[in-house]
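Novice: Quick note: this note's numbering has the sequence shown finishing at residue 748, numbered continuously throughout.
Backbone N, C-alpha and C fix where the C-beta goes; we use that ideal spot for every residue, glycine too.
Sharing a structure here in structure tokens format.
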Amino acid sequence: MILPLKGRSILFAFLSILFLPAFASAQILNGQVFDKTDNATGLTGASLVWAGTTSGTLADANGGFSLPFSTQTNKLVVSFIGYKADTLTVKPNEIFLRIYLEPNTNLEEVEVVARKDRFDATSPVNAQLITNRDLEKSACCNLAESFETNASVEVSTTDAVSGAKQIQMLGLDGAYTLLTTDNVPTLQGLATPFRLNYLSGTYIDNIDIIKGTGSVLNGYESISGQVNVKLKDPEKAEQIYLNLYGNDLGKWDANANVAVPLSEKLSTVLMLHTNHLHQRVDRNKDGFMDQPLNSQYNVYNKWKYINKRFTGEIGLNALREDRLGGQTDYEKGAGAESGIYGTESRTERLSGYSKLALTAKNKPYESLGLILSGSLHEFDSQYGFRRYDGEQQSGLARLIFQSAIGTTAHTYKTGLSFSHDNYREFFEDTLLKRQENVPGVFAEYTYNNSHNLTVVAGARTDFHNLYGTVFTPRLHLKYDYTPNTIFRISGGKGFRVANPIAENSGALVSSRKFVFTEELQPERAWNMGGSFTQYFSLGGKHGTFITDYYYTTFQNQVVADMYSVPGAVIFSNLEGRSFSNSFQAEVQYELAKGLDLKAAYKFFDVKSSYNGNLLDRPMNPKNRFFVNAGYATAFDKWRFDATVQWFGQRSLPTVVTHDGDPEPRRTAEPFSVLNSQVTRSFKHWDIYVGGENLLNFKQKDPIMGAEAPFGHTFDASMVWGPVVGRVIYAGLRYKLK
12 MILPLKGRSI LFAFLSILFL PAFASAQILN GQVFDKTDNA TGLTGASLVW AGTTSGTLAD
72 ANGGFSLPFS TQTNKLVVSF IGYKADTLTV KPNEIFLRIY LEPNTNLEEV EVVARKDRFD
132 ATSPVNAQLI TNRDLEKSAC CNLAESFETN ASVEVSTTDA VSGAKQIQML GLDGAYTLLT
192 TDNVPTLQGL ATPFRLNYLS GTYIDNIDII KGTGSVLNGY ESISGQVNVK LKDPEKAEQI
252 YLNLYGNDLG KWDANANVAV PLSEKLSTVL MLHTNHLHQR VDRNKDGFMD QPLNSQYNVY
312 NKWKYINKRF TGEIGLNALR EDRLGGQTDY EKGAGAESGI YGTESRTERL SGYSKLALTA
372 KNKPYESLGL ILSGSLHEFD SQYGFRRYDG EQQSGLARLI FQSAIGTTAH TYKTGLSFSH
432 DNYREFFEDT LLKRQENVPG VFAEYTYNNS HNLTVVAGAR TDFHNLYGTV FTPRLHLKYD
492 YTPNTIFRIS GGKGFRVANP IAENSGALVS SRKFVFTEEL QPERAWNMGG SFTQYFSLGG
552 KHGTFITDYY YTTFQNQVVA DMYSVPGAVI FSNLEGRSFS NSFQAEVQYE LAKGLDLKAA
612 YKFFDVKSSY NGNLLDRPMN PKNRFFVNAG YATAFDKWRF DATVQWFGQR SLPTVVTHDG
672 DPEPRRTAEP FSVLNSQVTR SFKHWDIYVG GENLLNFKQK DPIMGAEAPF GHTFDASMVW
732 GPVVGRVIYA GLRYKLK
């Protein structure tokens, strides 16, 4: 195939950016700093300074460092709190050092609680961290509730009956965000409607949020960003962790984690979770349960083995969940024949992964890794007269080799991948089948001058058995104008095959007909943008200001049109334009000792073409404000947290009136939500009490046609605000480290 002139120009420009830094030379000393008593533990933040100068650096999260050679001395002073300092003589031809510091046994044991920047200053991508401390600021019973104190990701309810939720990033639905656990893609495809409920908050150590296209190592699907959930590490997790939670709706959760070091090299953690709601609640008196009844049993087991050169990790997960919603009189198994509207679903899921890594002898920057994962996801569900069942079998294999070119200022990763997905969906009277087999090859190059410039350029080529060759280029650049002033830009392409029924499950809880006008093609989009980060001090207190802008434009998109024909959802390929403009400005500042403040403003302009008309994507407010305040007393004995979110007007889809005519174009009113929590800590115990939606705002008539759920006006998918109203909860945690 011969590329047209424009295509060759773009390719040449991309390759120039990709390989140009490789021709630069830098006299850089690289290495890692380790604890001498544990060769596998890197010393984060270890200081390295050329003797008699002010030239130096700090070790990164793995103890790694890059430092320009000094023209004044060859003596390198290495130090770290709690360890004996060491002075090394560096030879001119040395390019990599493994440095071992000996613990200072004369120091008394001191527990240090450090602040951790939520915005990663070292990452070449726009990354934000939700820490374990952040997770404990809210009820956080599952992944859906883990984002309540974060401005970058929002969680919305898809309908007023089933309890399904989805995340939203850059103004786009969660299907365009790659979800990974421990950097392994998970909970995709048919798991989309309820996937945020399948990860307990007590399983999570922290969450990385990456805006824009991510690394090509993780595949081609990320379009708006990536959410990587890092689960509890068997080596570092609490020996015993217990959490009990209950709220005034009658919902309760029970969680237990047990970590066991079986030897110096082998450790495991077993994590158990169950949640139940068996009380029928109808606070708005519309005859429907405000929350579905549900029971979930969930178990996760991780194993980790580590020695000097080899690391192995295995994770296994199993869950079963039952849900029942609809009218308050609906009973399990009654069906629509009873004349009472109800929804039922049962999900069973098995998944597992393994990660193996081998480091080269005397070359700690060179390694070979193998990642394997697989899952079986099955569900049976009923929405009134509608039947929707599905099964998905998935497998992924990824082989990654990483090394350096000359010095670790120039590193690269390359490898092979293979993914398999086998889908079977039974929708109403139609059987839908699809099998995807996708081998691929990828490469990613990183240039880091250890001073102020990082460039990450990557590309992958995949060979899809249904849709041919898929080429995915991506580029990230970070420039430190000063250590406290950072600019980032990124751009890249994304590709994904939509699952339109699962990704629009909210419309199942309505009288709308699902209409497919043509054979749907894969979605393809470009995402481009950047961010500006400024770390500052004001009045002796530290703060961070970050603003970012991203533009996403679709070459093709599966459009779910709820505008053109009242009473129907029309699925078609994009004809016209579809794009998203996303702007966010956020400030984090320590107002006083123990008092932290976060405030953000977000603007989204998201439009798609519907039947030849470029219109706002429905249910998407253009303007949003977010404020979070947290206060902690000395030694964290008391913690107070509050979050306020304001949502502006949003366009709503067309609906059918009782007369059978389409209702004129509608918008939803602005509203605010206030969540708050108080925590009292003891030596091993935490007791917490909190409230969600404390302002008690409730959407009026969230279910249209609730009085006649089998009629042509019934629609429970028009949810744009809270349905339940105020919820009060309480719980306790026990930790034994």
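1. Which same chain residues end up closer than 6 Å to residue 34 when comparing Cβ atoms and leaving out the 5 residues on each side of it in sequence?
2. With a threshold of 7 Å on Cβ separation, who are the neighbours of residue 625 within its own chain once the five nearest residues in sequence on each side are excluded?
3. Would you kindly work out how many angstroms separate the C-alpha atoms of residue 218 and residue 298, rounded to a whole number?
4. For residue 764 and residue 473, what's the separation of their Cα atoms in angstroms?
5. What residue range is occupied by the uninterrupted beta strand (DSSP E) comprising residue 706?
6. State the DSSP-derived secondary structure class of residue 316, mapped to helix, strand or coil.
7. What beta strand (DSSP E) runs, 3 residues minimum, are completely inside the segment 206 to 289?
8. Once the 5 residues before and after residue 500 are set aside, which same chain residues still bring their CB inside 6 Å of it?
9. So the candidates are 45, 601, 642 and 615; which of them puts its Cα closest to the Cα of residue 319?
10. Pick out whichever of 358, 359, 360 and 337 has its Cα sitting closest to the Cα of residue 351.
11. If you reduce the DSSP assignment to three classes, tell me which class residue 629 lands in.
12. Within this structure, are the beta carbons of residue 692 and residue 706 separated by less than 8 Å?
13. Specify the secondary structure class of residue 337 as computed by DSSP and reduced to three states.
14. How many Å lie between residue 743 and residue 697 at the Cα?
15. Which class does residue 203 belong to by DSSP, given the choice of helix, strand or coil?
16. What residue does the beta strand (DSSP E) around residue 145 start on, and which one ends it?
17. Would you check if the distance between the CB atom of residue 727 and the CB atom of residue 170 is smaller than 8 Å?
18. Between the C-alpha atoms of residue 688 and residue 256, what's the straight-line distance to the nearest angstrom?
19. Taking all protein chains shown into account, decide if residue 321 is buried (16 or more other Cβ within 10 angstroms of its Cβ) or exposed.
20. Threshold first: 3 residues or longer. Then list the beta strand (DSSP E) segments lying entirely within the segment 646 to 695, N to C.
21. For residue 285, which option in 310, 490 and 385 has the closest C-alpha, if you only look at C-alpha atoms?
22. Can you tell me where the alpha helix (DSSP H) holding residue 514 begins and where it ends?
23. Across the segment 498 to 516 and the segment 566 to 580, are there enough close Cβ pairs to call them in contact, namely three or more that are closer than 8 Å?
24. When the Cα atoms are used, what is the spatial distance from residue 340 to residue 533?
25. Using the three-state DSSP reduction, which class does residue 503 fall into: helix, strand or coil?
26. Have a look at 386, 275 and 486 and flag the residue whose alpha-carbon is nearest the alpha-carbon of residue 466.
27. Between 392, 523 and 402, which lies nearest to residue 443 when the distance is taken from Cα to Cα?
28. For residue 697, list the residues DSSP reports as bridge partners.
29. Tell me the rounded alpha-carbon separation between residue 506 and residue 470.
30. Residue 235 and residue 183 look like a contact to me (Cβ under 8 Å); what is the Cβ gap, rounded to whole Å?
31. Where do the N-terminal and C-terminal ends of the beta strand (DSSP E) with residue 378 fall, by residue?
32. Please report the straight-line C-alpha distance between residue 232 and residue 551, rounded to a whole angstrom.
33. If I measure Cβ to Cβ from residue 380 and keep anything under 6 Å in the same chain, skipping five residues before and after, which residues do I get?
34. Per DSSP, residue 467 is paired with what?
35. For the beta strand (DSSP E) containing residue 494, name the first residue and the last one.
36. Mind checking who residue 624 pairs with in its DSSP beta bridge?
Specialist: In short, the structure shows the following:
1. With a pLDDT of only 33 at residue 34, under 50, the local geometry of the prediction cannot be trusted, and the value read off the model is given with reservation. Counting only Cβ-Cβ distances below 6 Å, and skipping sequence neighbours, we find nothing.
2. 587, 588 and 618
3. In a straight line, the C-alpha of residue 218 is about 38 Å away from that of residue 298.
4. The first residue shown for the chain is 12 and the last is 748, placing residue 764 beyond what the model contains.
5. Segment: none, residue 706 is in no beta strand (DSSP E) and carries neither H nor E.
6. strand
7. 215 to 222, 236 to 242, 251 to 258, 263 to 272 and 277 to 288
8. Around residue 500, the same chain offers 488 and 541 as residues with beta carbons nearer than 6 Å, after the five sequence neighbours per side are excluded.
9. 45
10. 337
11. Reduced to three states, the DSSP call for residue 629 is coil.
12. The answer is no: Cβ separation not under 8 Å.
13. strand
14. 5 Å
15. The three-state secondary structure of residue 203, taken from DSSP, is helix.
16. It is not in any beta strand (DSSP E) - residue 145 instead sits in the alpha helix (DSSP H) that spans 143 to 146.
17. yes
18. 13 Å
19. The residue is exposed, with fewer than 16 neighbouring Cβ atoms inside 10 Å.
20. 649 to 658, 661 to 663, 677 to 679 and 682 to 692
21. 310
22. From DSSP, the alpha helix (DSSP H) with residue 514 extends over 511 to 514.
23. yes
24. 42 Å
25. strand
26. 486
27. 402
28. 692 and 744
29. Straight-line Cα distance between these residues: approximately 13 Å.
30. 5 Å
31. 374 to 394
32. 44 Å
33. 368 and 411
34. Bridge partners of residue 467: 457 and 487.
35. Looking at the DSSP string, residue 494 is not in any beta strand (DSSP E), and its letter there is neither H nor E.
36. 621
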